[in-house]
Each structure stands twice: as C-alpha cells, then as structure tokens.
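UniProt numbering puts the sequence shown at residues 1 to 213.
Data block below; observations after.
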Amino acid sequence: MTAPFPQEAYTITTPRLVIRSAGPDDAEALYDLMSTPENQPFDTVQPGLTPDVMRARIGRWKPMTAAGKNAFMAVALRESGQVIGSGGFNCFEDAEGASVAREGDGDVKRRPYLTDTGVVLDHRHWGKGYGRETLCAKVEYAIEQLGCRVVRVETADDNQPWRALMASLGLGRLETKGPVSYDQNIIGWVYRIDSETWSSVRTDLKERGKWPL
Numbered sequence: 001m002t003a004p005f006p007q008e009a010y011t012i013t014t015p016r017l018v019i020r021s022a023g024p025d026d027a028e029a030l031y032d033l034m035s036t037p038e039n040q041p042f043d044t045v046q047p048g049l050t051p052d053v054m055r056a057r058i059g060r061w062k063p064m065t066a067a068g069k070n071a072f073m074a075v076a077l078r079e080s081g082q083v084i085g086s087g088g089f090n091c092f093e094d095a096e097g098a099s100v101a102r103e104g105d106g107d108v109k110r111r112p113y114l115t116d117t118g119v120v121l122d123h124r125h126w127g128k129g130y131g132r133e134t135l136c137a138k139v140e141y142a143i144e145q146l147g148c149r150v151v152r153v154e155t156a157d158d159n160q161p162w163r164a165l166m167a168s169l170g171l172g173r174l175e176t177k178g179p180v181s182y183d184q185n186i187i188g189w190v191y192r193i194d195s196e197t198w199s200s201v202r203t204d205l206k207e208r209g210k211w212p213l
C-alpha cells in the first residue's frame with residue numbers, strides 16, 4: 001500500500017498501455033468510444049451523448065476523483081497516446097458498503113475496503129489482450145497500491161466473452177449470478193476478487209507465462 005489516497009488524478013502504466021484519469025482533451029475520443037454500438041454489444045448507447053456533454057461530464061469527474069468518491073479513467077496506447085478504451089474505479093467503499101469519500105473540506109473517512117471496476121474497449125482493438133492487461137493492472141493497483149481488500153467486477157448476463165476472459169485468468173470460480181450493484185433490477189454476473197485470491201491468481205499467471213504486467 002504505497003500510493004496516496006485519494007489523488008487528484010491517477011495514472012497506471014503497463015507494458016503497452018497508460019490507464020489515466022480522463023481530461024478535457026479526451027472528450028472527443030471518449031464520445032466516439034461510448035457512442036459506437038459495436039463497442040458495447042451487451043449494453044445500449046447512452047442517448048443524447050455529444051462531445052460537449054462528455055466534456056462537461058469529465059469536468060464533473062475531477063472533483064469526485066479528488067474527494068475519493070471514484071476515478072473515471074481513459075485507456076490509451078502507451079506508444080501513441082491514442083485512447084482506445086475507458087474504465088476506472090467506479091466507487092471506493094468501506095466494508096459496510098458506504099462511500100469513504102471526504103465530505104466538504106474534511107478528510108476521507110478511511111482507505112477503501114472495496115472498489116468496483118470494468119473495461120470498455122474500442123472493438124477495433126479487441127483480441128489483442130488489452131482487456132486482460134487493463135483489468136489486471138487495475139486490480140493489481142487497487143489491491144497493492146490503494147489497499148483494497150476486494151475488487152468487484154460485474155457484467156451482463158449474456159456477456160460470454162467477458163466471462164471467458166475471467167475464466168482464463170482463473171477467476172471463474174468467483175462468479176456468482178445475481179443483481180448488479182448499479183441496478184438491482186438487472187441480473188448479471190458478479191465477481192468479488194479478494195486480495196488472497198488475487199495473490200494466487202498472480203502467481204499462477206506468472207508460472208504459466210500469462211501475466212500481462
């Protein structure tokens with residue numbers, strides 16, 4: 001647990017990617033990402049989304065990141081800087097499920113016990129291992145740098161490619177089916193990756209030559 005919490009902005013660097021807090025200059029790229037149906041085959045494109053709406057949204061994200069509420073991030077190719085995806089930390093909560101974010105000018109209540117993460121990638125970059133690299137980097141950072149004990153990942157009921165990815169990482173055994181945190185009326189697949197399981201997964205991936213970091 002070496003990284004400060006919260007931070008004004010987060011950056012996670014992997015061999016091929018930079019996963020970083022989104023800024024105003026990312027508005028066009030994130031609009032393209034989120035408005036393209038092929039990028040979200042198991043979800044719906046948000047109605048009314050425009051580059052200006054995305055730019056305003058990014059502006060609202062900044063103080064929430066600094067307060068320790070969440071951290072919305074862009075995924076960029078390290079070599080070129082091209083944004084090819086999104087997905088940060090959707091919440092920071094204590095063991096009871098309450099936000100640890102600071103209120104007003106106060107301090108954060110404590111370091112987070114749980115965070116929630118996911119990945120959306122430009123479909124033109126699927127099949128290159130970027131999803132695996134992004135997910136592993138964020139789980140590793142949350143547990144080893146921020147001190148989270150649990151990283152939650154959720155996906156749609158019919159998202160078989162994501163389930164296959166989780167299984168390939170050795171995380172299929174954590175899979176449960178039930179209501180997702182963002183909408184109790186939606187049934188999906190939920191993974192609660194605890195720090196002990198992640199340590200064994202990391203060791204196994206390294207032994208198999210599959211560790212992407």
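Using N, Cα and C, we set each Cβ at its ideal position, and we do this for glycine too.
The structure displayed is predicted, hence computed values, not measured ones.
In whole angstroms, give me the CA-to-CA distance for residue i and residue j.
| i | j | result |
| --- | --- | --- |
| Arg55 | Ala9 | 16 Å |
| Gly172 | Arg163 | 7 Å |
| Ala167 | Arg132 | 11 Å |
| Val180 | Gly97 | 14 Å |
| Thr176 | Gln184 | 14 Å |
| Thr11 | Gln40 | 24 Å |
| Thr14 | Tyr141 | 11 Å |
| Thr44 | Asp158 | 13 Å |
| Glu103 | Gly209 | 44 Å |
| Thr197 | Phe5 | 23 Å |
| Leu213 | Arg16 | 9 Å |
| Ala67 | Leu135 | 23 Å |
| Arg192 | Ala76 | 26 Å |
| Met73 | Pro37 | 20 Å |
| Gln7 | Trp126 | 30 Å |
| Leu121 | Asp107 | 34 Å |
| Asp52 | Ser35 | 13 Å |
Answer with buried or exposed for residue i, where buried requires no fewer than 16 other C-beta atoms within 10 angstroms of its C-beta.
| i | result |
| --- | --- |
| Asn70 | buried |
| Ile58 | buried |
| Arg152 | buried |
| Ile19 | buried |
| Arg60 | exposed |
| Ser21 | buried |
| Phe42 | exposed |
| Lys206 | exposed |
| Lys138 | buried |
| Tyr31 | buried |
| Ser80 | exposed |
| Tyr182 | exposed |
| Glu154 | buried |
| Arg199 | Going by the sequence as given, residue 199 is Ser instead of Arg. Counting Cβ neighbours within 10 Å, Ser199 comes out exposed, since fewer than 16 surround it. |
Is residue i a contact residue of the ligand ATP, with contact defined as CB to any heavy atom under 7 Å?
| i | result |
| --- | --- |
| Cys148 | Of the ligands one can find in the structure shown there are none, so the ligand ATP has no counterpart to examine. |
Could you pull the start and end residues of the beta strand (DSSP E) that residue i belongs to?
| i | result |
| --- | --- |
| Ser86 | 83 to 86 |
| Val75 | 73 to 77 |
For residue i, does the three-state DSSP call read helix, strand or coil?
| i | result |
| --- | --- |
| Leu213 | coil |
| Thr2 | coil |
| Asn96 | It is Glu, not Asn, that sits at residue 96 in the sequence shown. Glu96: coil per DSSP, three-state reduction. |
Can you find a CB in chain C that lies within less than 8 Å of the CB of residue i?
| i | result |
| --- | --- |
| Pro161 | Protein chains in the displayed structure number just one, and chain C is not present. |
At 3 residues or longer, and completely inside the stretch 117 to 195: list those beta strand (DSSP E) runs for me, N to C. Those beta strand (DSSP E) runs which fall completely within the stretch 117 to 195 and span 3+ residues are 150 to 156, 176 to 180, 183 to 194.
Which runs of the beta strand (DSSP E), 3 residues or longer, sit entirely within the stretch 10 to 56? You should have 11 to 13, 17 to 21.
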